[in-house]
Amino acid sequence: MPELPMNQAVLSAAVTRFAQFTRVDEIWDDYLAATGARPDLSRPAHRTALHRWLNLAGCRIRYPKPGEPDPFDTGLAAWWGTWGTALPQCTLAQLTDDDLDLLGTGFAELAATPAALSPATGRARTLGPTAAAKALHALRPQTLMPWDEAIAAHLHGARDRTAYAAHQRLGRTWASRLLQEAGLGPDLDGALKLAAGLGRPARPLPKMLDDYCYLALTVDGGSTP
C-alpha cells in the first residue's frame, strides 16, 4: 500500500487546513460534555451520546421509532460488557504489539454488532467498519485513530481486523516519529505538548493524524500529501 509522508511540517499544514471544519469541533465538544470526557457504555446516556455523535459524524445509524427495539443500545451495551475494561488506556505511541492484536479482535466484534433495524426487512444491520473505528476513537481518543472507507482502502486495501490493527500500527509509528522530532516522550504529557505546539491543544493526536489522512486520501484522493 502507498506510504504517506509524516513529520511536524506535514501535520501542521493539515491541522491548519482542517481547522476550517468548525462543525467537527462543535459536535465533538457536545459529545465530551455529554459523557464528561469519560465515556462509559454501561450508562444508557453515554450510548445515546455516542449514537448521536456517530450520526453527526456521517455514519447514518437509524434511530428506532417509539416502541421499536434499539439494536444499537443493546448491542453496544453487550459489547462493552466484554471490552470496556480490555481497551488500552495508553497513548497511541505507547500501544504494544499485544494491544494491537487485541484491538483487532475488539474492532471486528464491534463492527459485527447489530446497530439498526432495516425498515424494509425488519432485520438489524451491523455497525460496520467505519462506524466501529470511529466509535473506538470516541471511547479512547488519545489512543486510537479512526478511519473511513477511502482511508482504509488507500492505506490497507481492506477494513477487516488485520487492516484495523495495521492502521493503529501505522499511527503508532507516526506518533512516535512526531514526538521524537519534537523531543517529547510517548506519554500523554508529550502528546498534549505536541498538540499545543501545533496550535490545537484540545485535539487528540490520533484525531489530528486522521485529519491528515482525511484531507490527503478522502478529500484529495491521494493526489497530494
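FYI, in the working numbering the residues of the sequence shown are 153 to 377. Yeah, the Cβ is synthetic: ideal placement off N, Cα and C, and Gly gets one too. Remember, predicted model here, so these are calculated numbers, not experimental data.
Item: Do you know offhand how far Arg275's Cα is from Leu269's?; Value: 5 Å
Item: Which whole-angstrom value describes the C-beta separation of Leu307 and Leu322, a residue pair presumed to lie in contact below a C-beta threshold of 8 Å?; Value: 7 Å
Item: Would you kindly work out how many angstroms separate the C-alpha atoms of Leu255 and Trp326, rounded to a whole number?; Value: 18 Å
Item: Measure the beta-carbon distance from Leu279 to Ala267 and round it to whole angstroms, keeping in mind my assumption that it falls under 8 Å.; Value: 4 Å
Item: Going by the beta-carbon positions, is the gap between Ala334 and Leu346 smaller than 8 Å?; Value: yes
Item: Work out the CA separation of Ile213 and His203 for me, nearest whole Å.; Value: 7 Å
Item: Whole angstroms are fine: how far does the CA of Arg352 sit from the CA of Tyr316?; Value: 26 Å
Item: Alpha carbon to alpha carbon, how far is Leu369 from Ala284? Give it in angstroms, no decimals.; Value: 19 Å
Item: For Asp341, which residues from the same chain have a beta carbon less than 7 Å from its beta carbon, with the 5 sequence-adjacent residues on both sides left out?; Value: none
Item: Pro358 by DSSP, collapsed to three states: which one?; Value: helix
Item: For Pro377 and Ala161, what's the separation of their Cα atoms in angstroms?; Value: At Pro377 the pLDDT is 46, less than 50, meaning the model places this residue with poor confidence; the figure from the coordinates comes in the next sentence. Going by the C-alpha atoms only, they are around 11 Å apart.
Item: How about Ser164 and Ala245: do their beta carbons lie closer than 8 Å?; Value: no
Item: Thinking C-beta only, is Thr282 closer than 8 Å to Pro358?; Value: no
Item: Can you give the Cα-Cα distance for Thr168 and Pro223, rounded to whole angstroms?; Value: 38 Å
Item: Look at the Cβ atom of Leu291, then the Cβ atom of Leu239, and state whether they are nearer than 8 Å.; Value: yes
Item: Going by beta carbon distance, what residues of the same chain come within less than 8 Å of Met153, once the five residues before and after it are set aside?; Value: Only weak support is given to the placement of Met153: the predicted model assigns it a pLDDT of 48, under 50, and the question is left unresolved by the model.
Item: Please look up how many angstroms separate the CB atoms of Tyr364 and Ala209, rounded, as I've assumed it's under 8 Å.; Value: Contact flag wrong, Cβ pair sits at about 17 Å.
Item: Do you know offhand how far Gly188's Cα is from Arg175's?; Value: 20 Å
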